[in-house]
Amino acid sequence: MPFSSILFISVFLPLFLLAYFSGGARLRNGVALIFSVVFYAWGAPRFLPFILALGVIDYHLGKSIAASTTRKKLYLTLGVTVHLSVLAYFKYSNFFVGETNALFAHFAVPPMPWKEVVLPIGISFLTFEEISYLTDIYRGDARPAKSALHYLLFLMLFPHSIAGPIFRWKDLETQLASRSIAREDVAAGFHRFSLGLGKKVLLADSAALAADRVFGVDPHTLPVAYAWLGVLAYTLQIYFDFSGYSDMAIGLGRMIGFRFKENFNHPYISQSVTEFWRRWHISLSTWLRDYLYVALGGNRAGPTRAQLNVLLVFAASGFWHGANWTYLVWGIYHGVCVVAERTRVYAALQRRLPPVTKMVVTFSVVMVGWVFFRAPTLGHAVTFLEAMIGMQAQAADAPLVLGEVLQRRTAALMLLATAFAFAPFFRGSAPEPATGAPTLPRREAVLAWAWGPLLFLVSIAHMLNSKYKPLIYFKF
Amino acid sequence: MKAALSVATYLVIAVAPIAAMFVPESDTMRLYGVAEPAPRPTFTWAGARAETFQRDANRWFERDYGFRSLFVRTDNSISYWGFREASSESPVRIGGGGVLYIDQEVEYYNRAEPDDAKLLADHIVRVTKVAEQAEAAGKHLVLLFMPGKLTVRPDSAPAEWLKAGGDRRLSRALYGRYADAMRAAGVSVVDGRALMARHHEHTGLPAFTDSGRHLAKPTGCEVINGLVDACEPFGCLPEHRRSCKVARWGSETDDNEEFDLWRLLNELPVSYRPYTAPILAPAPPSPSPSARRPLFVGTSMSKQLIKHCVARNMFPSYDFFYYNETHEPFPGAPTTPIVPFSSEWNALVDSRDLIVVEQPEWGMPTGFFMFFEQLITHWRDREKK
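Protein chains in written order, with numbering that gives the first Met the number 0: chain W, 0 to 475; chain H, 0 to 384.
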């Protein structure tokens, strides 16, 4: 049940809020857990027992890690191995078997018999949260959950359970135990939800119309301008799609007294790829930094090893997104960019370029990366990139006409989306990622109060009048 | 207080449509061209586990959502009044001067499959065979060639809709090649494009109104005159020809069919009607029908043409296979699904002695609803028996 569905907005959410606020403070966690379980069960009922069982195992492992002095590492290794094995089986087995069978076919060897494995929704996000829980207890950065209810609620809480942001136990522990909710929080939560809904339904889904059209044609015949238009559309789509979802998650949390960390901070105004990753999917990039980069040795073993670690982390990030060579290449591409930015030559260049140039260059680099992310195969991505620089033979019959790709409303909304994406740069106010309470900047808050309900209404109208487009990150 | 009011506003927006679902007549604005309400699903554990219950519940809920037509019309109005275009999910496109077109025809216009020539050649062989077998069985086949609005009125289509290539494109020539081949094979053809051109030459009127996908009444009238001419040697009566003179223009025609594309825009206000259409002079008293019993096969365009025939009292009864998927007897009997090769389908194709098949240009180079293929199979199977 996505947040951007009528059923969620008109049935699930009002019923949940009614139960949550009528039950009294002591019952709130229980109510939230019951509704979260229903929410997950609606989307993936057959995996619910499995996800709950993993949560219970974690809860006990966490206690064991905290209690033991000699077997801490063993318990941690056991927990991490279980979670990574689960992720590997559900997310990557189809891919590896498919690739192996393709290799077999090349040598005329019969394929391995294999039944397609279905990916449990949210498993990538849950795995990272579970690993961070165990690791933080092992490192002494967090205490184990005092009750299974709290831990299961941390995992299953419906605003984040299926597509992030990736929570950390230590950030939510005290909020799970006790939180206060003012009416202003509920209102602010609704405003934020409405803003996210508008971003997803009006901006991202409109850009998706153009992106899907362009990426749907044979890239060998794609004119240069359409290729760029398609990538721009996808660049806007993925940002407003996921940041809109994160806004909705943050808003829902706020309605019920939680303060979640921000997950995006105007990433397209970044002046380097390194900065981009401080602003994009912040909960993932900080997770990878804290639990993978650090575990690999970080920059403690000299600059060369640090560069290699960066590459490995970005490759892992790419592969975490999906079991396809395209995601892996996307990750490595970003890793190479970040490594390149650590060189002296780049640092010297950076000092000479004006900020706007650096932003445009970074945005272009990121756009090129999205081609790998969006294309169905590596070959498609490469051909598409060739089309972007005019290396593909132009067909006598254009495969697309402008009217098919870009309606006037779509064009206007894409312009608006572009303005939203870049406005903070020109306003000169590009705050660092928020680490504390996610209060809206004053200007946005005023806008939210004034336009929130109207945006909510217009978004619902548009949802009813358009085909459902699932969140891109649902498939991860 | 401000916060409470704000929360209340959101909740009212979210919940009011649910309340409206239980109030009869709370949503009276009809939506045209939109799928019918989905049935309310029954909960079963098996269905929930397979996630079919969730999918069906979602569909039912969205279709039955309170004030749905108001929401949909509001969103369409943003596109229409803000950007002078139909919404992205609409099959309608708004051309220059507000002339409306349908997606299918734009797609046809832009199409240039290399296989067109081969498909057309195969199809011509098939139709010729059907025509010959029909004659042998004492029946007569008439093809109604119906050009698309875009190919007849491309002037109002903006350049950004149309691919480069113009008349060189193979698709554009399909109509003429198909019609010529049929005439050469001795198949009766009513050439809608030729009739429209002649009508336009004499009256200056467009074949299609700005707001309709179906033929304007005067052109529809001319096509039926063409049908009378085509089947006159086979029992149609020349008395059923009539004058197609326009009496006046109005925004309320007898069945509003000239506004079908405008209705599909589903915008606000509901009563707003920016278009007018030509209205024919009253028909003289109708003579007795001919003895022929026709079976029409085609799209909603044929349905409109049948109405002309009914008004002229041309035949004693009419059967219509809509896309060869439903059977609609005229006048007034309920529509039922029809399955090719079923006893009902077999009985109708065997018993009717005038078979009128619409050939919409956007469906070329084949007959697109498989009627000819099925007819050949049916007759071959009958011979074997």
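Beta carbons are placed, not taken as given, at the ideal position from N, Cα and C, and that holds for glycine.
These numbers come from a predicted model, not from an experiment.
Look at the stretch 133-149 of chain H: it has no residue with a C-beta under 9 Å from a C-beta of chain W. Within the same chain, and ignoring the five residues on either side of W/Val370 in sequence, the residues whose Cβ sits closer than 7 Å to its Cβ are Val230, Ala380, Phe383, Leu384. The Cβ atoms of W/Ala232 and H/Lys162 do not sit closer than 8 Å to each other. For H/Arg247, the number of other beta carbons within 10 angstroms of its own is below 16, and it is reported as exposed. Taking CB atoms only, W/Gln270 has no neighbour in chain H less than 8 Å away. Near chain H, meaning a CB-to-CB distance below 8 Å, the residues of the stretch 199-228 of chain W are Ser205, Leu208. For H/Glu61, the chain W residues whose C-beta falls within less than 9 Å of its own C-beta are Ser4, Ile5, Leu6, Met462, Leu463, Tyr467, listed in chain order.
Using a Cβ-Cβ cut-off of 7 Å, H/Val269 is close to nothing in chain W; its nearest Cβ partner there is about 16 Å away. Listed in chain order, the positions of the stretch 229-245 of chain W with a beta carbon within less than 9 Å of a beta carbon of chain H would be empty, since no residue qualifies.
Taking C-beta separations shorter than 6 Å and ignoring five residues to either side along the sequence, the partners of W/Ser316 in its chain run Leu287, Gly330, following chain order. Listed in chain order, the alpha helix (DSSP H) runs fully inside the stretch 147-187 of chain W are 147-155, 168-176, counting runs of at least 4 residues.
Rounded to whole angstroms, H/Gly32 and H/Leu263 show a C-alpha spacing of 6 Å.
When C-beta distances to chain W are compared with 9 Å, the residues of the stretch 67-87 of chain H below that value are Arg67, Leu69, Phe70, Val71, Arg72, Thr73, Asp74, Asn75, Ile77, Ser78, Gly81, Phe82, Arg83, Glu84, Ala85, Ser86, Ser87, in chain order. The DSSP assignment places 99-101 as complete runs of the beta strand (DSSP E) inside the stretch 94-125 of chain H, in order along the chain (cut-off: 3 residues).
At a cut-off of 8 Å between beta carbons, H/Ala37 makes no contact with chain W. In this structure, DSSP gives H/Leu267 a state outside helix and strand, which the three-state scheme calls coil.
Looking at the backbone, the Cα of W/Leu454 and that of W/Leu414 are separated by about 18 Å.
Of all alpha-carbon atoms in H/Asp349, H/Glu266, H/Ala332, H/Gln358, the one lying nearest the alpha-carbon of H/Arg72 is that of H/Glu266. In this structure, the alpha-carbon of H/Ser270 lies about 19 Å from that of H/Ser89. In the three-state reduction of the DSSP assignment, H/Val356 falls in the strand class. Counting only residues of its own chain and dropping the five nearest sequence neighbours on each side, W/Ala416 has a CB closer than 7 Å to the CB of Leu202, Ala206, Leu235, Phe239. Contact of H/Val22 with chain W by beta-carbon distance below 8 Å is absent, the smallest such distance being about 15 Å.
The beta carbon of H/Ser5 falls within 8 Å of a beta carbon belonging to chain W, placing the residue at that interface. Look at H/Leu173: its C-beta is not under 8 Å from any C-beta on chain W. Contact annotation: the stretch 193-200 of chain W does not touch the stretch 279-295 of chain W, with fewer than three C-beta pairs closer than 8 Å. The C-alpha of W/Arg299 lies about 23 Å from the C-alpha of W/Ile281.
Here H/Ser187 carries a strand assignment [DSSP, helix/strand/coil].
Look at H/Thr51 here: in three-state DSSP terms it is helix. Under DSSP, W/Met358 takes part in no beta bridge, so it has no partner.
For H/Val14, the nearest beta carbon of chain W is closer than 8 Å to its own beta carbon.
Counting other Cβ atoms within 10 Å of its Cβ, W/Phe95 stays below 16 and is therefore classed as exposed.
Exclusion of the five residues before and after W/Gly78 leaves Asp57, Leu60, Leu133 as the residues of its chain whose Cβ lies within less than 7 Å of its Cβ.
Identification of residues in the stretch 403-414 of chain W having a C-beta nearer than 8 Å to some C-beta of chain H yields Glu403, Gln406, Arg407, Arg408, Thr409, Ala411, given in sequence order.
Between the stretch 174-182 of chain W and the stretch 135-155 of chain W there are three or more C-beta pairs closer than 8 Å, enough to call the two in contact. The C-alpha of H/Phe314 is placed about 29 Å away from the C-alpha of H/Gly249. Counting only Cβ-Cβ distances below 9 Å, W/Glu261 has no contacts in chain H at all, with the closest Cβ about 22 Å away.
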